[in-house]
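Read in order, the letters of the sequence shown correspond to residues 9 to 594 in my numbering.
Comments concern the structure below.
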Amino acid sequence: MKNRLFILLWCIPGFLFSVTPKPDVEKLTETADTYYQAGKVDSALWAIEQALQLAMTEKDTCAMMSCYTSQGVYLRSSGKLTEAIAAYDKALQYAPLLSGNNEENLQAITTLYNNLATVYLDMKNPAQAVKYALDAVKQADKCQDKSFRTQIYTVCSSIFITQEEYEAAKTYLSKAIALSQQLQQPETELGARTYYLLTLFRTQASASEIQKLVEQTNALAAKVNSTMALVNYYQVLFYVQQTRKEWKAATQTAQKILQLPSIENYPFLQYDVYNNLHLVYKELSDFPQAYHTLELAKTLSDSLFVQEKSRQLEELSVKYETQKKELEYQKLQEKRQKEKQNLQLKITFLLILMAIMAFVSLYFIQKQKLRIERQKREAEAQKREFETLQRDTERNATRAYLKELEKERNRLAKELHDGVCNDLYALEMNASTLNESWKELLRTSRENIRRVSHELLPPTFQETTLKQVLQNYAERMTSASCKVTLTTLPEECDWSVLPETYCLNIYRIIQEATGNALKHASPTEIHLTLEWKLPNLELTISHNGKFSSTSEKGIGLQTMKERVMAMKGHISVEAEKIQIIIPLFL
């Protein structure tokens, strides 16, 4: 989007005014502009050459300078930047010869400076571009035509923005806005305000200042009927809102672009809006809309590719028809100069041949680019496939490790329950000679070992929910020295829908975290929180204890991290709090 902000530089005709005093020169100049507006650049160059020859014959300085200026514009639009600079240099030679008090001369010189700034910007020469843009606005200050001055201020300000000359841009955009208001030209004012909004954003103006300008400009936009003017403004506004992460406002702006009259005639604009809008929906977690918008962008992209090929063939056909009409026109005009007619005929055929060769070369270059892009996409697909395989391998290894860990817990639980507990019971029965305190100690030890063995066994979640298991666990772990509490949100949530593997991993994580806190931090309160925040489940374990500096890190934390990784979640560990986010819908 950023590269299209200055599309107006190519939309401004070539250029604003071409004033010549003689009727014949004026007619030829108008003919050249007509050809240029129709996209017939070669015909425009031929017509302006005829006007230039006539102006030289009549020694009309202003007309010669205007003709060279127009010639530079036509050459620039054809990509012949070096030849365009040469034409502008010739026009510059006549500038000192013009009277500085004549309105027509002032406009002609201003237009020349403006076009020089534009062509130097195209040639990646920012210093020269800014220099001539400043010359243009200073010269425009002397002009009486307010509409002309408004256009110059706006175009030159766009050049100032590209070169980060923001203070100059603000100054002349403010003038353009004021003049547009005086002339009651809402469309021109909207263009100036569009660039002013971009300038405020680039200079990191306050949010209130930007919001005030947006509100004023939105009110102005309601009075404008030009689709392109509205598109330029909403594109800049969307760019600002997207960069500032104002996602909802950005979606509204994008919808305004898509609802503009005749927007279907600009499929490239529609594609760009959809291509950026799906990213905004993604940030809003509106995944159905994001997917739908991305599908629309893809459909448009495929359609544009076909249209582009048709357009190239149509352009070739138009060029051929243009050359034929030029040949007929030249024959009618140059009957008395047969030698010159033959020469022009040869040149015409040569141009046709060059156009065909250029088209063929372009076709093979494009074909090569498509092949390289296809190879690049295949390589990226292979890379993604490898990364997916690697992640699946790691997850499978983690699951296998946790499965073996649970098997080992079951074995230890059975050993403790069936072996050590029974041995302690037999010892208690045979210790008839011991006093009651020793017997009580044996019973307590046996009960503790039985409790540990039950903790090692995994709970069954077929007949009970995770919430019930954790409530029971909190009650069992609560003692006189430490209170363990559980909070689940929302309260009416049905916890039976949570998969059993998730329930077991969450239960083991809470066991490990609670045990570590009780053993190393000596808390008086431990709080467990489970909250549904779709599409995630958030688990928080916090306490008011303090870990000693001598506490050693065991394998407990690593085991918790592995369980979280098995659930594709994220864990954050702090001194008194552990927070875990588990995605439930992938």
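No residue lacks a Cβ here, since even glycine has one placed at the ideal position from N, Cα and C.
Beta bridge counterpart(s) of residue i as assigned by DSSP
i: K541; result: N544
i: E584; result: DSSP lists no partner for E584.
i: I589; result: E546, H578
i: K491; result: E533
i: H528; result: Paired residues: none, contrary to the question.
i: L497; result: E539
Cβ-Cβ separation, residue j to residue i (assumed contact under 8 Å), whole Å
i: A141; j: I167; result: 4 Å
i: L181; j: S155; result: Not confirmed; about 16 Å, so no contact.
i: P600; j: V232; result: Since the first residue of the chain shown is 9 and the last is 594, residue 600 is not available in this structure.
i: I517; j: A525; result: Their Cβ separation, rounded to whole angstroms, is 13 Å, which puts I517 and A525 out of contact at 8 Å.
i: Y82; j: V49; result: 6 Å
i: L474; j: I514; result: 6 Å
i: A2; j: M73; result: Residue coverage of the chain in this structure runs from 9 to 594, which leaves residue 2 outside it and unanswerable.
i: L268; j: T235; result: 5 Å
i: A529; j: K554; result: 6 Å
i: T69; j: L105; result: 5 Å
i: S556; j: E584; result: Going by Cβ atoms, the distance from S556 to E584 rounds to 13 Å, so no, they are not a contact pair.
i: L478; j: L547; result: Wrong, their Cβ atoms sit about 10 Å apart, outside the cutoff.
i: N283; j: A305; result: 5 Å
Residue i to residue j span [Cα, whole Å]
i: V281; j: T207; result: 22 Å
i: S188; j: R252; result: 29 Å
i: L238; j: I265; result: 8 Å
i: C490; j: Y481; result: 14 Å
i: L191; j: G199; result: 14 Å
i: T179; j: Y247; result: 23 Å
i: L497; j: N240; result: 47 Å
i: C603; j: T37; result: The chain is shown only over 9 to 594; residue 603 falls outside these bounds and no answer can be derived.
i: K576; j: T522; result: 22 Å
i: L53; j: A92; result: 12 Å
i: L351; j: V222; result: 59 Å
i: E291; j: F593; result: 16 Å
i: G427; j: E500; result: Since pLDDT at G427 reaches only 49, below the 50 mark, its modelled position is unreliable, and the value read off the structure follows with that caveat. If you take the alpha carbons of G427 and E500, they lie about 43 Å apart.
i: A186; j: A148; result: 15 Å
i: N226; j: Y161; result: 22 Å
i: T261; j: A184; result: 25 Å
i: L361; j: Q383; result: 33 Å
i: A366; j: I589; result: 58 Å
i: V33; j: L353; result: 25 Å
i: A55; j: K139; result: 31 Å
i: T39; j: Q79; result: 13 Å
i: V244; j: R201; result: 10 Å
i: L60; j: E112; result: 18 Å
i: T158; j: S86; result: 27 Å
i: Q345; j: S51; result: 20 Å
i: I364; j: K375; result: 16 Å
i: V163; j: L89; result: 19 Å
i: Y279; j: W503; result: 44 Å
i: Y289; j: A257; result: 11 Å
i: W540; j: L506; result: 11 Å
i: Y128; j: Q136; result: 6 Å
i: E66; j: P134; result: 37 Å
i: F209; j: Q249; result: 10 Å
i: N572; j: I586; result: For the record, residue 572 in the displayed sequence is Val; it is not Asn. Computed Cα separation, rounded: 12 Å.
i: Y510; j: E520; result: 15 Å
Where residue i falls, given that 16 or more other Cβ within 10 Å makes a residue buried
i: D41; result: buried
i: M64; result: exposed
i: P29; result: Low local confidence applies: a pLDDT of 38 at P29 is under 50, so the model's placement there is unreliable, with the coordinate-based value given in what follows. Exposed.
i: L308; result: buried
i: E197; result: buried
i: A46; result: exposed
i: E381; result: exposed
i: A574; result: buried
i: L205; result: buried
i: H286; result: buried
i: S293; result: exposed
i: T396; result: exposed
i: E508; result: exposed
i: T486; result: exposed
i: E217; result: exposed
i: V145; result: buried
i: V368; result: exposed
CB contact below 8 Å: residue i versus chain D
i: L542; result: The structure shown contains no chain D; it is built from a single protein chain.
(request) Would you mind listing the alpha helix (DSSP H) stretches within the stretch 251-301 that are 4+ residues and don't spill past its ends, in chain order? (result) 255-266, 275-291
(message) At 4 residues or longer, what runs of the alpha helix (DSSP H) sit wholly inside the stretch 133-160?
(response) 134-148
(request) At 4 residues or longer, and completely inside the stretch 33-72: list those alpha helix (DSSP H) runs for me, N to C. (result) 49-65
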